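Chains as they are written, first to last, in my numbering: chain U, 913 to 1710; chain Z, 458 to 809; chain P, 614 to 768.
Using N, Cα and C, we set each Cβ at its ideal position, and we do this for glycine too.
Note that the coordinates shown come from a computational prediction; the quantities given were computed from them, not determined experimentally.
Everything below concerns the one structure shown next.
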């Protein structure tokens, strides 16, 4: 088990942390007992369905629900007018409604919802709802959306004279960018395109609403943000938040696709409030594609300057984000598109100018590696081009530009631990890089790329200074410790992580720990499973709570032993006196002593971010994180030059996660991330029909047959190399592993394709037709060092 | 969840009972075997039969075995040598069983490969060879949900009046997308259809027509009951399937070749079939003449591949770059021919 | 409603269902066997995989009537009484289930494989699982788990 690991940090006397361990929910998931939202069936439950717009952009002139209401078995019909409060996950951009009120903005936008005795009746009722639309011109291309001078815009401009097709513009400059480009010995300039992709969790979204007569409202949902859902349900439905309860059952995959409220959650709640009966809505797979909130398509232009030695002098980026119909997290995405790119390489000067456009397509949002996966692709291919032009090994080039640890980036983000050099070393060694790079026969190649990612965001989504994560422990007289955790288990293993921490701190055997999570009625607030925040934040909160509890136990036991509290060690289910193994008692007795002394035993812990980790300019807080992870990948590919097929044989993934609290789970996150990056690189694309393809804005193929995600036979071998830099502020030194390791897959594969056949793939995905076309181009197909047409100027005087 | 439309399920025990049920309910009935094509199509409301007639209880439609004598009627003569034996495959045999059967693997390499490359493992455990032969044609504008097709405005093949692929044509160009038929055609297979008036035989080549709405000569109240394939000595066959994933996907292009060799390894007969282009698999013209009496050399293979390319024009019925698909025709033909030239045999991973 | 008689995980079950129910709907909503999952609606993802007469099939596109008279095995029936199947235990040990939603289907495909082949190669495991999409793991840990289970089951 877990035979493939990188070098590990010293264990520092840890007992549980750092060892391969079972997950607390592993057996439930392996036996089919884990109960996901759609596995729940409440007595008297009705089934809901949502009517969706067949138009990409249209005004709703009238809705007549009377025929649907008259159908036998239909209990309620709801439309946008019944829930007219706008919401949005980012409080500054509330631009959507549970169901459309006046306008529909993409094919699939929700218009009305029905609750009926069964799904078939609900579906039949949708056909009986008469909606009169007035079609409007649709925008599919973000450049056209931005360029338009008059309406009708997709959204009302927020100020008169503004463009209602623009969500956000961010322009930030650090250092002397133009000077840096002028002083550079080499400047490479290229356009890149990152196609949109979607999360595709295997579990479709599902929610159940239950309004009880006493005003209490409970919503079960496959969400990764129960706290935000709690707030928005109360606000939009005008219910006292103290009467709202959100329960998050195990979630069957999310990847960012369930990290904001969706129409079905409001609809089940409202329909239950109207009928007094529980109501369930389960999306079809097609609806999951319409809900989307996936990777934004990015149109990017990069200018990168470097010295002859390969040292970066300046980076200049111009980015247009294709946002789809709603803002979602788009304000943050627009910042992230630039803010998260200033490590692991030193950049003396950096500028980015990012514009997010609205288009009449399903809204884009956060997908694993939110905001930085697309520009990371461009930056790492730029570096490969520079290395090529300067005849420097690309790993060496990256080493030379290493930003270092315990430093600040050009945009003033505080970086603490940084294991990037070790990551480079690991992939260089494990992949046999030196034997392979530029030495493999035509058709085979290797490529390298690096990246960084945040470990949580420094600020919550809505402004407040309360902790970002909280946890509560409660001890039973049996010796059982209950952990009440507000965090969301979405498969990443957070419930297990908190159990490992408590086991480590209190010495309790894992099987004596119960993790009770995902229920806003009995857990403290945690902001949700997004931005790679939970291990760092909840882990620290858990350590704090455990240590408070431990101190009480130590004090009580010390009293009994007439020893000092620090002499009482808790480990392996026992309290033991330091230096005297003959003096010991089972933990249960120790807990009982503590309860006798202090009363009912419990403790809380919380975590909030340090506030001095970023600059003071407008936007400086976005991208700030208490710690950053670092990753390097080497990909080895085989390109069939006749067909354009790219077979990725293997990806070596070296990732600095700070400390691996459980190396099996960390490796699982690394492999899952690399897989997802590979998938985006080679095959995935969330695309839409044009007007001459039958219907403008119609999703190209909303099914798992035609939106192709890799099968076992497509996925490369993945080797995890864990690097532990031991972060000073992370729990036991841990940072993140769930998102960072996705980033380098894509540019590493692009760079490997170049090494294999000498073509640059600057637009995703690198599907066979695209690679084949690149190889057919007049200059496609052979390495040509120095040919590099992207060199627009070689200046400098020596 | 996507729901099936309501229907009644019938489980006859004999071919005769099945046919009489189909005859009785007429347009309101459809036969089902593995269901792997019909069930998704029904969930998409492409078919909404009030009666579904299961063939799975009909024992006479099972079995794989060698039979002495040629198939019941002669083939179309493209392949030179007469067969004194043939293989009978009951239409209900699953694709998994066909792909693994020793006789199929030994004599009909291309067919075994093709059956083993259909979709994924579970689907091959369910889907039958008869169902694969009768697979409905596919198109990006057709294999979609009711909601999606409504937003589109429907299409010629189902509920609409426009073909969104050709935009002008009045003929449906949905693509024949089954893996086994190109092989059956190249192998001169005979299909047995049972209907209200008894049984009839039809060659696999004649079975398909160019109408994407209903691309076979099977009447709606007929059932494909069995397939008979000549067993010919010194015959080698190969199948190549173009698809983007190594599993699950339908073909973007498929190539089946069958070659008969004389004792001196010169070609005695050669057939090639390309599919996933339009509604009917395309039998490559002029191949037999080009190859007869020649060795299957690199130059000859190149010439045959060029000839194939000139006859094949993929359309936008599948949402993958048609120019690329066309460019892949000679590549895949060459690879399939290379395999039979090199001795054939069952290999791993015949699909790309 | 019509009455369907199924043999599921060794139990004879009688259940009233609409005639157009799939096997998956019957298991989940008729019999309360919610271990088998619905992911794609129509046979594209493998989450609904169950074992019928020893073979892995897709229950979301199987009319329930086709399961009558046959032996249906779901994830709930893989354990031998109180003893989990080795492949279940190895999934737990190897971290092969992250979100766990594809897991029941993958377990069924794996058990169908191991019942017929006690020492599959990694390549044979990859092929046997080529109809089960997993979005979390990148498959490596799943292969590890199936290999380890095979080693425990092996001769």
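So, is the C-beta of residue 632 of chain Z closer than 8 angstroms to a C-beta in chain U?
no
Measuring alpha carbon to alpha carbon, tell me which of P:620, P:693, P:677, P:650 ends up nearest residue 1196 of chain U.
P:650
What's the C-alpha gap between residue 1029 of chain U and residue 1659 of chain U?
51 angstroms
Are residue 732 of chain P and residue 662 of chain P closer than 8 angstroms when you measure CB to CB?
no
Three or more C-beta pairs closer than 8 angstroms, one from the stretch 1636 to 1644 of chain U and one from the stretch 1562 to 1576 of chain U: is that the case here?
yes
Taking residue 1024 of chain U as the reference, give the member of U:995, U:1047, U:1032 with the closest Cα.
U:995
If we cut at 8 angstroms on Cβ distances, does residue 605 of chain Z have a partner in chain U?
yes
Find the nearest neighbour of residue 1114 of chain U within the set U:1242, U:1072, U:1368, U:1198, judged by alpha-carbon distance.
U:1198
Could you pull out every residue in the same chain whose Cβ sits closer than 6 angstroms to the Cβ of residue 1263 of chain U, ignoring the five residues on either side in sequence?
1085, 1089, 1228
Exposed unless 16 or more other CB atoms sit within 10 angstroms - verdict on residue 1434 of chain U
exposed
Three-state class that DSSP yields for residue 745 of chain Z in the structure shown:
helix
Quick check on DSSP: helix, strand or coil for residue 1153 of chain U?
helix
For the beta strand (DSSP E) containing residue 1041 of chain U, name the first residue and the last one.
Where residue 1041 of chain U is concerned, there is no enclosing beta strand (DSSP E), given that its DSSP letter is neither H nor E.
Against chain Z, with Cβ distances strictly below 8 angstroms, would residue 1595 of chain U count as a contact?
yes
Cutoff 8 angstroms: residue 701 of chain Z Cβ touching any chain U Cβ
yes
Pick out whichever of P:736, P:707, P:671, P:646 has its Cα sitting closest to the Cα of residue 850 of chain P.
Because residue 850 of chain P is not part of the residues shown, which for chain P are 614 to 768, the question remains open.
Are the C-beta atoms of residue 921 of chain U and some chain Z residue less than 8 angstroms apart?
no
Just verifying my parser: in three-state terms, what is the DSSP assignment at residue 1484 of chain U?
coil
List, in order along the chain, the chain P residues whose C-beta lies closer than 7 angstroms to that of residue 513 of chain Z?
679
Between residue 1512 of chain U and residue 1530 of chain U, what straight-line distance do the alpha-carbon atoms span, to the nearest angstrom?
48 angstroms
Among Z:680, Z:718, Z:598, which has the Cα closest to the Cα of residue 471 of chain Z?
Z:680
My assumption, with CB atoms under 8 angstroms, is that residue 1142 of chain U sits in contact with residue 1163 of chain U. Please give the rounded CB distance.
Not quite, the Cβ-Cβ distance comes to about 16 angstroms (not below 8 angstroms), so this is no contact.
8 angstroms contact criterion, which residue 1258 of chain U and residue 1430 of chain U should meet: CB distance rounded
In fact, because the Cβ distance is near 42 angstroms, the residues do not count as touching under 8 angstroms.
Exposure of residue 635 of chain Z, with buried meaning 16 or more beta-carbon neighbours within 10 Å:
buried
Kindly give me the distance between the Cβ atoms of residue 1201 of chain U and residue 1622 of chain U, rounded to whole angstroms, as I take these residues to be in contact under 8 angstroms.
About 17 angstroms; that fails the 8 angstroms criterion.
Only counting the same chain, and skipping five residues up and downstream in sequence, which positions put a Cβ closer than 7 angstroms to that of residue 929 of chain U?
1412, 1416, 1573, 1644
Test: residue 768 of chain P CB closer than 8 angstroms to a CB of chain U
no
Going straight from the alpha carbon of residue 936 of chain U to that of residue 1233 of chain U, what length do you get?
40 angstroms
Backbone secondary structure at residue 734 of chain P - three-state DSSP
coil
Exposed or buried, what is residue 794 of chain Z when buried is set at 16 or more other beta-carbons lying within 10 Å of its beta-carbon?
buried
On the CB-based measure, 16 or more other CB atoms within 10 Å of its CB, does residue 967 of chain U come out buried or exposed?
buried
Neighbour list for residue 1576 of chain U in chain P, Cβ cutoff strictly below 8 angstroms
707, 708, 754
Considering only the beta carbon of each residue, do residue 560 of chain Z and residue 521 of chain Z sit closer than 8 angstroms?
yes
Count the CB pairs spanning the stretch 1045 to 1063 of chain U and the stretch 1268 to 1278 of chain U that are closer than 8 angstroms, and state whether there are at least three.
yes
Who does residue 1426 of chain U pair with in a DSSP beta bridge?
U:1394
With residue 1371 of chain U as the anchor, note down where its beta strand (DSSP E) starts and where it stops.
Taken as a continuous stretch (DSSP letters only), residue 1371 of chain U belongs to no beta strand (DSSP E), as it is neither H nor E.
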